[in-house]
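**Q** Below is one structure. I have some questions about it.
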Amino acid sequence: MLNSFEKCAECGSREIEENTQGERSCVDCGLVLSGVVIDSGPEWRNYSDSGESGERVGMPSTELLHDKGLTTDIDWRNKDFAGITMNSQSSRIFRRLRRQHQRTRISNSKERNLSVALAELQRIASQMNLPKSVRERSAYIYRKAVELGLVRGRSIEGVVAASIYAACRMGNIPRTLDEVGAFSRTGRKEIGRTYREVSKALKLRVSPSSPSEYIPRFCSTLKLPHKTQSSAMKILSDAESRELTAGRGPTGIAAASVYLASLITKNPRTQKEVSEAAGITEVTIRNRYKELCVALEINPDDY
DNA sequence: ACACGTAGAGAACTGGT
DNA sequence: ACCAGCACTCTACGTGT
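Here it is in structure tokens:
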């Protein structure tokens, strides 16, 4: 996608491309211009047929409340629409209405379960400093688990912890089982076991994320030109077709491809630099790098 | 400074009992 | 349900250029 109104801050090129992750980068030098996608549109729809579009009414719905935030409340003040205090008879009626209304909000065991569980989820998530997107996702996973009857026979806590663990991994901010367990009353083993069952039952696509997703970001942090990036992608796809990538950490493969590409395109980066950009150790890069050289019959000295 | 190698520890998954 | 074995990565250290 090209945007002719914008120039690259690094090299002045007007060739800006946007990838599927929403990162916009310069085609010539690879500089990432904006990595954060801001959704400026309203999330909630306009239901009125005659009014202006874009009316904003109330808060957007959320997975984090058991009724998704779709609730009404009866004002606690005993005033009428004009702000005049009600008489005692009306006050009694409204007190009673409020109580009945509150009871209908949490009407059955499933909703009671959800409201307990989601409160627990919030507690753990905020102690772990998890972003909102991950909280929403884990709440969604938990709801699905309830619908499929996975909670019966297991502890609510365990399923909550498993949902969080899964959501973290899906959101690419993985936490270890121990880390999640530290904030929950359940242990690592139970979370792990529950997680496996939940992810199987929900067919969660927990990212065996492709290394290719990491390459643009690594190249950008290392200020590598576009040429090197496409070279790294080429190396990676060769490696994938030779099944070098199975079972390996995706970041390791991506980092090694970038490192190798940086050597053969004459924009060398040290293993240390690459390892810092990729968040892995030099050792892992070395191992993957060595495998790549052997399997693809590349000798960086030739370049 | 950097590249490269090795050993031991730890985390996560698998399969057997 | 639990344990042992596994493949992988990390830490830490040493060696060579």
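Counting the first sequence from 1 gives a position; the working numbering is that position plus 92. Virtual Cβ for every residue (Gly too), placed ideally from N, Cα, C. Nothing here was measured: the structure is a model prediction, and the numbers come from that model.
#1: To which residues of the same chain is residue 334 closer than 8 angstroms at the C-beta, ignoring the five residues directly before and after it?
#2: May I ask which residues mark the beginning and end of the alpha helix (DSSP H) holding residue 292?
#3: Go ahead and pull the three-state DSSP assignment for residue 196.
#4: Report the CB separation of residue 353 from residue 320 in whole angstroms; it is logged as a contact under 8 angstroms.
#5: What does DSSP give as the partner residue(s) for residue 177 in the beta ladder?
#6: Going straight from the alpha carbon of residue 203 to that of residue 171, what length do you get?
#7: Is there contact here, the region 288 to 297 with the region 253 to 269, by at least three beta-carbon pairs under 8 angstroms?
#8: At which residues does the alpha helix (DSSP H) containing residue 375 begin and terminate?
#9: Cα-Cα, which of 341, 364, 216 and 175 is closest to residue 277?
#10: Just to confirm the assignment: which complete alpha helix (DSSP H) runs, minimum length 4, are found wholly within the region 318 to 376?
#11: Three or more C-beta pairs closer than 8 angstroms, one from the region 239 to 247 and one from the region 178 to 193: is that the case here?
#12: Output the distance between the C-alpha atoms of residue 281 and residue 293, rounded to the nearest integer angstrom.
#13: Does the Cβ-Cβ distance between residue 307 and residue 346 come in under 9 angstroms?
#14: Name the residue from 275, 249, 360 and 218 whose alpha carbon lies nearest to the alpha carbon of residue 317.
#15: Among 201, 258 and 362, which has the Cα closest to the Cα of residue 315?
#16: May I have the straight-line CA-CA distance separating residue 357 from residue 349, to the nearest angstrom?
#17: Hey, residue 159 and residue 195 are a contact pair by Cβ (cut 8 angstroms); roughly how many whole angstroms apart?
#18: May I have a chain-ordered list of the beta strand (DSSP E) segments no shorter than 3 residues that lie completely inside the region 190 to 238?
#19: Could you tell me whether the region 259 to 272 touches the region 220 to 233, where touching means 3 or more Cβ pairs closer than 8 angstroms?
**A** From the atom records:
#1: Taken in chain order, the residues that qualify are 387 and 388.
#2: 280 to 293
#3: helix
#4: 5 angstroms
#5: 171
#6: 31 angstroms
#7: yes
#8: Segment 374 to 388, the alpha helix (DSSP H) holding residue 375.
#9: 216
#10: 318 to 333, 342 to 356 and 363 to 370
#11: For the pair of segments examined, the region 239 to 247 was found not to touch the region 178 to 193: the number of CB pairs separated by less than 8 angstroms stays below three.
#12: 18 angstroms
#13: yes
#14: 360
#15: Ranking 201, 258 and 362 by Cα distance to residue 315 puts 362 first.
#16: 12 angstroms
#17: Actually they are not in contact, since the Cβ atoms of residue 159 and residue 195 sit about 13 angstroms apart, beyond 8 angstroms.
#18: Taking only runs of at least 3 residues, no beta strand (DSSP E) segment lies wholly in the region 190 to 238.
#19: yes
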